[in-house]
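Enquirer: As they're listed, the protein sequences go chains A and B. Under our numbering, the first residue of the first sequence is numbered 12, with each subsequent residue one higher. Under our numbering, the first residue of the second sequence is numbered 132, with each subsequent residue one higher. Note that beta-carbon positions come from the ideal geometry of N, C-alpha and C, so glycine has one too. Dumping the structure here so I can ask a few things about it.
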Amino acid sequence: MTAGNISVSETPLVLYTLRRADDALILGHRLSEWCGHAPMLEEDMALANMGLDLLGQARELYSYAAKVEGRDNDEDKFAYLRDVRQYRNLLLLEQPNGDFARTMVRQFFYAAFADLYWRVMMRSTDATLAAIAAKSEKESAYHLRHSSEWIVRLGDGTEESHRRAQEAIDLLWAFTGEMFEVDDSERGLIDAGIAVDPAPLRAQWMKRITGVVAEATLTLPNNGWMQQGGRSGRHSEHLGHLLSELQSMPRTFPGATW
Amino acid sequence: MYTQAMDTMAREAKGQVQAVKSAEEQAREAAFEARIDAGEFIEAKDWMPEHYRKTLVRQISQHAHSEIVGMLPEGNWVTRAPTLKRKAILLAKVQDEGGHGLYLYAAAETLGVSRDELLDALHSGRAKYSSIFNYPTLTWADIGVIGWLVDGAAIMNQVPLCRCSFGPYARAIVRVCKEESFHQRQGFDALNVMMTQGTPEQRAMVQDAVDRWWWPSLMMFGPPDGESVHGAQSARWGIKRISNDELRQKFVDATAEQAKVLGVTLPDPLLKWNAGRGHHDFGPIDWDEFWRVVGGHGPCNTERLAARVKAWDDGAWVRDAALAYAARQATREQAA
Numbered sequence: 012m013t014a015g016n017i018s019v020s021e022t023p024l025v026l027y028t029l030r031r032a033d034d035a036l037i038l039g040h041r042l043s044e045w046c047g048h049a050p051m052l053e054e055d056m057a058l059a060n061m062g063l064d065l066l067g068q069a070r071e072l073y074s075y076a077a078k079v080e081g082r083d084n085d086e087d088k089f090a091y092l093r094d095v096r097q098y099r100n101l102l103l104l105e106q107p108n109g110d111f112a113r114t115m116v117r118q119f120f121y122a123a124f125a126d127l128y129w130r131v132m133m134r135s136t137d138a139t140l141a142a143i144a145a146k147s148e149k150e151s152a153y154h155l156r157h158s159s160e161w162i163v164r165l166g167d168g169t170e171e172s173h174r175r176a177q178e179a180i181d182l183l184w185a186f187t188g189e190m191f192e193v194d195d196s197e198r199g200l201i202d203a204g205i206a207v208d209p210a211p212l213r214a215q216w217m218k219r220i221t222g223v224v225a226e227a228t229l230t231l232p233n234n235g236w237m238q239q240g241g242r243s244g245r246h247s248e249h250l251g252h253l254l255s256e257l258q259s260m261p262r263t264f265p266g267a268t269w
Numbered sequence: 132m133y134t135q136a137m138d139t140m141a142r143e144a145k146g147q148v149q150a151v152k153s154a155e156e157q158a159r160e161a162a163f164e165a166r167i168d169a170g171e172f173i174e175a176k177d178w179m180p181e182h183y184r185k186t187l188v189r190q191i192s193q194h195a196h197s198e199i200v201g202m203l204p205e206g207n208w209v210t211r212a213p214t215l216k217r218k219a220i221l222l223a224k225v226q227d228e229g230g231h232g233l234y235l236y237a238a239a240e241t242l243g244v245s246r247d248e249l250l251d252a253l254h255s256g257r258a259k260y261s262s263i264f265n266y267p268t269l270t271w272a273d274i275g276v277i278g279w280l281v282d283g284a285a286i287m288n289q290v291p292l293c294r295c296s297f298g299p300y301a302r303a304i305v306r307v308c309k310e311e312s313f314h315q316r317q318g319f320d321a322l323n324v325m326m327t328q329g330t331p332e333q334r335a336m337v338q339d340a341v342d343r344w345w346w347p348s349l350m351m352f353g354p355p356d357g358e359s360v361h362g363a364q365s366a367r368w369g370i371k372r373i374s375n376d377e378l379r380q381k382f383v384d385a386t387a388e389q390a391k392v393l394g395v396t397l398p399d400p401l402l403k404w405n406a407g408r409g410h411h412d413f414g415p416i417d418w419d420e421f422w423r424v425v426g427g428h429g430p431c432n433t434e435r436l437a438a439r440v441k442a443w444d445d446g447a448w449v450r451d452a453a454l455a456y457a458a459r460q461a462t463r464e465q466a467a
């Protein structure tokens, strides 16, 4: 084995599964960066706990993608031997942690979506994806509760926490539209009942986040312009740095068993 | 981990004048000692001599501080673990350590000190944590070796504390020990894979990590018994039940065998089995290094403490927000 990039046969189901796996891995990785540096010990544990949930989701999804692809790729090759252009995660999830407010807003935007999304995916005609959805939904529900509580505390806390939370919302808002997009590759899976169409979930997502944001005395931007590109491998500059750290061992020691 | 508090306290206690005790106080102390002799647990609300309380606060808080500072050298590899499985194991382990910190701080709080006070002592440098964490984790093999040797030494130190006379600490230690044993097995397993299935480069990486961590691990048991004045009192109170040297010997005996299974060489030319003693003999420990690192001059003392202080300072606005929100909520509930 070399330390170079693997090639992937991105059939619609493989691509679909890798996209969700990459979402979970990249956000989980970001959360794990907090390890030992959180504002309080309880949050060190909560962030690690959520990171572990996501890492677990990623592993199951990668393993399933490998099975569906039917070549010699596996969870580690998918995670460690694809470069930025081969990663398929949402741009939102690769955004740097920033301060605690930014991490919580990122978590909140995504968990509010993931919770809805996985719940509907539990009815997927693909039994493996339905089972992964059932587990992920339970975890997302907790992530949503945890991050919602923090949005309210920060927004309705002190002047400084309010300012930081609002800045985080304003900064990350443009990355939320991508969650609801569908391309041709996914359209076929949606028609077959394997995947679900996220677009109709948008109204419910808006309702959920609007409620929490209002309780937090914060506001959502009116700005409708949205970033996109993650699903086709056009990422922000941040992802390359994340991957260079994540992948450093297998790239340095090709073929080693750990 | 980490009974170092009782050893360093011995040095600090020298020269302190003992106050004269009243007859009443002597009677209470006698009753207290009798309970300990009878093997009873002392609980948070029970009367206890001030020095017992102080020793326990020092011991438990140092143990808690060690857990949270210990998250840093291992956290250093969470983002670079070589497989997703190893990443999950490591992140779960570091999370366990945070958990140990939490319930140890809670045990210390039963003695009348707040977590904030204890953290302030850590951040200002008044309180210590285990010196082992002042060494850097340079390669992935260090993570396995910390599990095998450092957690292994911690378990040796802590198992006797499950019978510590102070109930809240003893109960916390039972749980800590269970999780530490799990961590030790995981560390050993990680090294074993590298040694048996790895490349020559990986095996060299393991040997290098063993070479760097072996002596600091032996130092974790504290100075030789003859130099540990404080040990005697702690032993009498059942806070510390087995001496530093006995524990260290037990650790060397167990580890020497495990090293053979792994196929690594422990970096001590004098290490050999002594059939007459029924133990391994081993070479002299560099106690100057131990005291130097305890005193602040280890490779990572400055950055470990700075990282903790930075996390605390950077998080101040978050904690302030949570408090402000809670206060506002309480006011609202009263008004409603």
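(1) If you measure between the beta carbons of residue 207 of chain A and residue 115 of chain A, is that distance less than 7 Å?
(2) Does any CB atom of chain B fall closer than 7 Å to the CB of residue 256 of chain A?
(3) Listing by chain order, which chain B residues have their CB less than 7 Å from the CB of residue 268 of chain A?
(4) Is residue 341 of chain B closer than 7 Å to residue 424 of chain B when the C-beta atoms are compared?
(5) Whose Cβ in chain B lies nearer than 7 Å to the Cβ of residue 76 of chain A?
(6) Please classify residue 107 of chain A: is it buried, with 16 or more other beta-carbons within 10 angstroms of its beta-carbon, or exposed?
(7) Please tell me whether residue 357 of chain B and residue 321 of chain B are closer than 7 Å, where the distance is taken between their beta carbons.
(8) Verify whether the separation of the beta carbon atoms of residue 268 of chain B and residue 207 of chain B is less than 7 Å.
(9) Could you give the distance in angstroms between the alpha-carbon of residue 196 of chain A and the alpha-carbon of residue 25 of chain A?
(10) Check the Cβ-Cβ distances between residue 66 of chain A and every residue of chain B, and say whether any is below 7 Å.
(11) If contact means a Cβ-Cβ distance below 7 Å, which residues of the segment 201-234 of chain B contact chain A?
(12) Tell me, please, whether the segment 298-318 of chain B touches the segment 280-290 of chain B by the rule of three or more beta-carbon pairs shorter than 8 Å.
(13) Considering only residues of the same chain and omitting the five flanking positions on each side of residue 467 of chain B, which have a CB-CB separation below 8 Å?
(14) Leaving out five residues before and five after residue 123 of chain A in sequence, what residues of the same chain have Cβ atoms less than 7 Å from its Cβ?
(15) Taking all protein chains shown into account, do 16 or more other C-beta atoms lie within 10 angstroms of the C-beta of residue 392 of chain B, making it buried, or fewer, making it exposed?
(16) Would you mind listing the beta strand (DSSP E) stretches within the segment 382-435 of chain B that are 3+ residues and don't spill past its ends, in chain order?
(17) Should residue 130 of chain B go down as buried or exposed, given a rule of 16 or more other Cβ atoms within 10 Å for buried?
(18) Do you know how far the Cα of residue 429 of chain B is from the Cα of residue 315 of chain B?
(19) Which residues mark the beginning and the end of the alpha helix (DSSP H) in which residue 259 of chain B is found?
(20) For a test of the three-state rule: what should DSSP assign to residue 173 of chain B, helix, strand or coil?
(21) Checking contacts by CB at 7 Å: is residue 154 of chain A closer than that to chain B?
(22) Report the three-state DSSP secondary structure of residue 297 of chain B (helix, strand or coil).
(23) DSSP three-state call for residue 191 of chain B: helix, strand or coil?
(24) Alpha helix (DSSP H) containing residue 154 of chain A: first to last residue?
(25) To be precise: take each residue of the segment 331-356 of chain B, compare its Cβ to all Cβ atoms of chain A, and keep it if any distance is under 8 Å. Which residues remain?
(26) Please classify residue 178 of chain B: is it buried, with 16 or more other beta-carbons within 10 angstroms of its beta-carbon, or exposed?
(27) Count the other C-beta atoms from every protein chain shown that fall within 10 angstroms of the C-beta of residue 19 of chain A, then say buried if there are 16 or more, exposed otherwise.
(28) Would you report the Cα separation of residue 198 of chain A and residue 162 of chain A, rounded to the nearest angstrom?
(29) For residue 240 of chain B, which of helix, strand or coil comes out of DSSP?
(30) Between residue 177 of chain A and residue 215 of chain B, what straight-line distance do the alpha-carbon atoms span, to the nearest angstrom?
(31) Taking CB distances under 7 Å as the criterion, tell me whether residue 168 of chain A reaches chain B.
(32) Once the 5 residues before and after residue 183 of chain A are set aside, which same chain residues still bring their CB inside 8 Å of it?
(33) Apply the 10 Å Cβ neighbour rule to residue 50 of chain A and answer buried if 16 or more other Cβ atoms are within range, or exposed otherwise.
(34) Nearest chain B C-beta to residue 204 of chain A closer than 7 Å, yes or no?
(35) Which residues, in chain order, does the segment 430-454 of chain B contribute to contact with chain A at a C-beta distance below 9 Å?
Expert: Once the coordinates are examined:
(1) In the first sequence, the residue the question calls residue 207 of chain A occupies position 196. In the first sequence, the residue the question calls residue 115 of chain A occupies position 104. Cβ distance not < 7 Å, so residue 207 of chain A and residue 115 of chain A don't count as in contact.
(2) As a working mapping, residue 256 of chain A is identified with position 245 in the first sequence. Yes, its Cβ sits closer than 7 Å to a Cβ of chain B.
(3) Taking the first residue of the first sequence as position 1, residue 268 of chain A is located at position 257. Simply 324, 328 and 329.
(4) Indexing the second sequence from 1 puts residue 424 of chain B at position 293. Indexing the second sequence from 1 puts residue 341 of chain B at position 210. Going by C-beta atoms, residue 424 of chain B is not nearer than 7 Å to residue 341 of chain B.
(5) Your numbering for residue 76 of chain A matches position 65 in the first sequence. Within 7 Å Cβ-Cβ: nothing; residue 76 of chain A doesn't reach chain B, min ~13 Å.
(6) Reading the first sequence from its first residue, position 96 is the one you call residue 107 of chain A. It counts as exposed.
(7) Residue mapping note: residue 357 of chain B aligns to position 226 of the second sequence, counting from 1. Residue mapping note: residue 321 of chain B aligns to position 190 of the second sequence, counting from 1. No, the pair does not count as a contact, with Cβ atoms beyond the cut-off.
(8) Your numbering for residue 268 of chain B matches position 137 in the second sequence. Your numbering for residue 207 of chain B matches position 76 in the second sequence. Closer than 7 Å, so yes.
(9) For the purposes of this step, residue 196 of chain A is identified with residue 185 of the first sequence, where counting begins at 1. For the purposes of this step, residue 25 of chain A is identified with residue 14 of the first sequence, where counting begins at 1. Computed Cα separation, rounded: 10 Å.
(10) Numbered from its first residue, the first sequence carries residue 66 of chain A at position 55. For residue 66 of chain A, the answer is yes, since a Cβ of chain B falls inside 7 Å of its Cβ.
(11) 202, 203, 206, 209, 210, 211, 213, 214, 215, 217, 218, 219, 222, 223, 225, 226, 229, 230, 232 and 233
(12) yes
(13) Against the second sequence, residue 467 of chain B aligns to sequence position 336. If we look at residue 467 of chain B and ignore the five residues flanking it on each side, it has no Cβ neighbours.
(14) Numbered from 1 along the first sequence, position 112 holds the residue referred to as residue 123 of chain A. Cβ within range, chain order: 155, 216, 219 and 220.
(15) Position 261 of the second sequence, counted from the start, is the residue given in the question as residue 392 of chain B. Residue 392 of chain B is exposed by the Cβ-count criterion.
(16) Complete beta strand (DSSP E) runs here, min 3: 403-405 and 410-412.
(17) Chain B is shown from 132 up to 467; residue 130 of chain B falls before or after that span and cannot be answered.
(18) Residue mapping note: residue 315 of chain B aligns to position 184 of the second sequence, counting from 1. Residue mapping note: residue 429 of chain B aligns to position 298 of the second sequence, counting from 1. Approximately 25 Å, taken between the alpha carbons.
(19) Walking along the second sequence from the start, residue 259 of chain B turns up at place 128. For residue 259 of chain B, no alpha helix (DSSP H) run applies, since DSSP gives it neither H nor E.
(20) Within the second sequence, numbered from 1, the residue matching residue 173 of chain B stands at position 42. The answer is strand: DSSP assigns residue 173 of chain B an E or B state.
(21) If you number the first sequence from 1, residue 154 of chain A lands on position 143. Cβ-Cβ to chain B under 7 Å: no for residue 154 of chain A.
(22) For the purposes of this step, residue 297 of chain B is identified with residue 166 of the second sequence, where counting begins at 1. DSSP places residue 297 of chain B in strand when its eight states are reduced to three.
(23) Counting from one through the second sequence, the residue named residue 191 of chain B turns up at place 60. Three-state result, residue 191 of chain B: helix.
(24) What you label residue 154 of chain A is simply residue 143 of the first sequence in a count that begins at 1. It spans 138-166 - the alpha helix (DSSP H) in which residue 154 of chain A sits, taken as one unbroken run.
(25) 332 and 333
(26) Position 47 of the second sequence, counting from 1, holds the residue named residue 178 of chain B. Exposed: under 16 other Cβ atoms inside 10 Å.
(27) As a working mapping, residue 19 of chain A is identified with position 8 in the first sequence. Counting Cβ neighbours within 10 Å, residue 19 of chain A comes out buried, since at least 16 surround it.
(28) Indexing the first sequence from 1 puts residue 198 of chain A at position 187. Indexing the first sequence from 1 puts residue 162 of chain A at position 151. Approximately 34 Å, taken between the alpha carbons.
(29) On the second sequence, residue 240 of chain B is found 109 positions in, with the first residue counted as 1. Residue 240 of chain B: helix per DSSP, three-state reduction.
(30) Reading the first sequence from its first residue, position 166 is the one you call residue 177 of chain A. Reading the second sequence from its first residue, position 84 is the one you call residue 215 of chain B. Between residue 177 of chain A and residue 215 of chain B, the C-alpha separation is close to 34 Å.
(31) By 1-based counting over the first sequence, the position of residue 168 of chain A is 157. Output row for residue 168 of chain A: interface = yes.
(32) Here the question's residue 183 of chain A lines up with position 172 in the first sequence. Here the set comprises 103, 106, 113, 116, 117 and 120.
(33) Residue mapping note: residue 50 of chain A aligns to position 39 of the first sequence, counting from 1. Around the CB of residue 50 of chain A, 16 or more other CB atoms lie within 10 Å, so the residue is classed as buried.
(34) Your numbering for residue 204 of chain A matches position 193 in the first sequence. Not a single CB atom of chain B sits nearer than 7 Å to the CB of residue 204 of chain A.
(35) 438, 439, 441, 442, 443, 445, 446, 447, 448, 449, 450, 451, 452, 453 and 454
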